[in-house]
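Trainee: Just add 28 to wherever you are in the first sequence, counting from 1, and you've got the numbering used here.
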Amino acid sequence: MSWTDERVELLKKMWGEGQSASQIAKELGGVTRNAVIGKVHRLGLSNRTSGSAPAKAEVKEKPAPAAPKAEAKPKPAPKTEPARPAAAPAAEAKPAAPARRQIIPAGQPLPPQPSANEISPEALAKVNEVEKKAKKLTLMELTERTCKWPVGDPATEDFWFCGLPVEQGKPYCEAHVGVAFQPMSARRDRRR
DNA sequence: CCCTGATTCGC
DNA sequence: GCGAATCAGG
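(1) Cα-Cα, which of 169, 172 and 190 is closest to residue 157?
(2) For residue 188, which beta-bridge partners are listed by DSSP?
(3) Between residue 199 and residue 176, is the Cβ-Cβ spacing less than 7 Å?
(4) Less than 7 Å between C-beta atoms, sequence neighbours within five positions excluded: which residues of the same chain meet that for residue 180?
(5) Based on Cα-Cα distance, which residue from 58, 159 and 160 lies nearest to residue 31?
(6) Suppose the cutoff is 6 Å on Cβ atoms and the five residues either side in sequence are ignored; what does the same chain contact list for residue 36 look like?
(7) Quick one: give me the first and last residue of the alpha helix (DSSP H) that residue 58 is part of.
(8) Given that a residue counts as buried once 16 or more other Cβ atoms are within 10 Å of its Cβ, and exposed if not, what is residue 166?
(9) Using the DSSP secondary-structure output, state which residues sit across from residue 193 in a beta bridge.
(10) Quick one, which of 182, 184, 209 and 47 has its alpha-carbon nearest residue 195's?
(11) Applying the criterion that 16 or more other CB atoms from any shown protein chain within 10 Å of the CB defines a buried residue, is residue 69 buried or exposed?
(12) Beta-carbon within less than 7 Å of residue 204's beta-carbon, same chain only, minus the 5 sequence neighbours each way: which residues are those?
(13) Should residue 67 be labelled buried (16 or more other beta-carbon atoms within 10 Å of its own) or exposed?
(14) Does residue 165 come out as helix, strand or coil in the three-state DSSP assignment?
(15) For residue 47, which residues from the same chain have a beta carbon less than 8 Å from its beta carbon, with the 5 sequence-adjacent residues on both sides left out?
(16) Hey, out of 151, 41 and 159, whose CA is closest to residue 71's CA?
See below:
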């Protein structure tokens with residue numbers, strides 16, 4: 029695969045949208061994320077964030093001060109978006125504000141979970157929520173990176189595994205990790 | 001472990 | 001110019 033105009037354009041678009049190099053590569057197909065990153069750099073549009081560059085002032089001060097008058101260098105300006113191809117029928121409706129993935133609803137103080145032997149109702153709610161979006165995989169479809177949380181009754185047709193992307197390392201997705209790893213405390217000494 | 005982007009360097 | 005390998009975080 030080569031970098032055709034279309035592909036480059038898609039690359040630019042996605043990169044601009046904040047897509048990761050791997051996602052872009054997947055979308056384009058035929059290239060690896062490395063290829064994408066390499067291209068991104070060659071295109072000169074590496075840093076996507078403008079306000080997060082703290083102390084990394086990578087400046088190439090090479091214009092020899094001694095040099096009286098080398099060739100004119102009228103292109104110190106940021107070459108992010110040279111020009112707008114008139115092809116676009118309408119202006120981009122892209123709000124400058126980057127859309128942050130704010131899945132967390134409101135500011136939850138997130139209690140220190142003292143002696144919570146119960147699963148937080150919040151976590152449970154999350155699970156119910158998630159199970160609607162579950163991939164509903166069968167045992168054989170599970171992989172290293174799919175949530176292995178079982179849902180339903182194994183003795184029924186209505187049984188499946190969550191299948192969502194697992195929380196790195198763990199066997200379950202974020203929601204299920206929440207209910208899987210209980211404080212483990214009570215239950216032990218049930219009265220009898 | 002898996003994922004990110006950044007860089008290097010032979011092709 | 002290209003991108004695998006590698007580096008450096010998270």
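Glycine included, C-beta positions come from ideal geometry on N, C-alpha and C.
Just so we're clear, the structure is a prediction, and the values are computed from it rather than from any experiment.
Mentor: Walking through what the data contain:
(1) 190
(2) 179
(3) yes
(4) 186, 187 and 188
(5) 58
(6) none
(7) No alpha helix (DSSP H) contains residue 58, which DSSP labels as neither H nor E.
(8) exposed
(9) 174
(10) 209
(11) exposed
(12) 155, 175, 177 and 190
(13) buried
(14) strand
(15) 55
(16) 41
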